[in-house]
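Visitor: Numbering follows our numbering, in which position 186 of the sequence shown is assigned residue number 186; successive positions increment by one, without gaps.
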Amino acid sequence: VRLLDNVYLVGGGAYSGLGLTSGGDCNIYLIDGGSELALVDCGLGTSFDTIVGNIKSDGLDPSRIKRLFLTHYHADHAGGAALFHSKLGVGVAISSEAAAALESGDEGATSVAAARSAGIFPTDYKLEPCPVAISLGDGDQHQVGNLTIGFLSTPGHCAGHGSFLLTGGDKPVLFAGDSLFWAGQILLQAIPDCDLQASLASVLKLEGLGFDAFLPGHGAITLSGGHLHVELAAKTIRSLAIPRNLV
Ligand SMILES: [Zn+2]
1 VRLLDNVYLV GGGAYSGLGL TSGGDCNIYL IDGGSELALV DCGLGTSFDT
51 IVGNIKSDGL DPSRIKRLFL THYHADHAGG AALFHSKLGV GVAISSEAAA
101 ALESGDEGAT SVAAARSAGI FPTDYKLEPC PVAISLGDGD QHQVGNLTIG
151 FLSTPGHCAG HGSFLLTGGD KPVLFAGDSL FWAGQILLQA IPDCDLQASL
201 ASVLKLEGLG FDAFLPGHGA ITLSGGHLHV ELAAKTIRSL AIPRNLV
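1. Let me confirm a value: Lys56 is counted as buried when at least 16 other C-beta atoms fall within 10 Å, else exposed. Which label applies?
2. Identify whether Pro216 lies in helix, strand or coil by the three-state DSSP scheme.
3. Give the single residue among Val90, Thr46, Arg67 and Gly145 whose Cα lies nearest to the Cα of Leu127.
4. Nearer than 6 Å: is that true of the beta carbon of His74 relative to any heavy atom of ligand 1?
5. What separation, rounded to the nearest whole angstrom, lies between the Cα atoms of Ser103 and Leu136?
6. For Gly201, I'd like the list of residues in its chain whose CB is within less than 8 Å of its CB, leaving aside the five on either flank, ordered along the chain.
7. Verify the contact flag: Asp178, CB atom, against every heavy atom of ligand 2, threshold strictly below 6 Å.
8. Please name the residue, chosen from Val144, Ile237 and Gly225, that lies closest to Gln185 on a Cα-to-Cα basis.
9. Where does Phe250 fall in DSSP's three states?
10. Okay, do the stretch 200-214 and the stretch 163-179 touch, 3+ Cβ pairs below 8 Å being the bar?
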């Protein structure tokens, strides 16, 4: 589904919004930089063929995907990374804090084991280890063809969480992962590496970015005027209240 001139939604479960792929998948975005394509997050890995089919239906060639930029290591965002790497040769980029856990398939650090026990993932779900091509640090910038994608460290939802700002196209686009959602909501969970204060600081960091399209990891997407959502959350935080939780 084409969202913007250079951004498509190619996956996401019924819980997340459009129901293009398995129920548990996050919103999966494809960036078209002209000479190359890139993905932002990739879902659980249980709908790999469907995602590839969706990309083809949008008139794009999946073999031109060069990189997969991951917001964080939770399996609903990163579980499919190993498949994209092995089947399409995609180079995976994730924050330097999160890289080791993804490379070893650490189901403790990534809370996959906890999420499986809680019934969030199927009982037979396994996080496949995946090599990391690029370890990202705050402020790093990479080219996707004629577009620029910048990495911002936005921890809180979990350790090593990051967001991406895409520039060079029609309008600045924020891929917020699980740091911020529609109506200024955040996402705190009862897992060891979730950090309320870090989450609030990350929201205030996002407020300083001049983005227009707001593309979060779950739920409603805003194609223009999306800065409103971060303004709502920041206003709540400045009144010393905690933004509403998504779950
Ligand atoms: Zn998450």
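For every residue, glycine included, the Cβ atom is placed at its ideal position computed from N, Cα and C. Here the structure is a predicted model, which is why all the values come from computation and not from measurement.
Guide: Looking at the atomic coordinates:
1. Exposed: under 16 other Cβ atoms inside 10 Å.
2. Reduced to three states, the DSSP call for Pro216 is strand.
3. Selected option, being the one with the closest Cα: Thr46.
4. Flag set: Cβ of His74 near ligand 1.
5. What sits at residue 103 in the sequence shown is Glu, not Ser. C-alpha separation (whole angstroms): 14 Å.
6. As written in the sequence, residue 201 is Ala, which differs from the Gly given in the question. Here the set comprises Gly156.
7. Within the structure as shown, ligand 2 is missing, the only ligands being ligand 1.
8. Per the Cα distances, Ile237.
9. Residue 250 is absent from the model: the chain starts at 1 and stops at 247.
10. Proximity of the stretch 200-214 to the stretch 163-179 meets the contact definition, three or more beta-carbon pairs being nearer than 8 Å.
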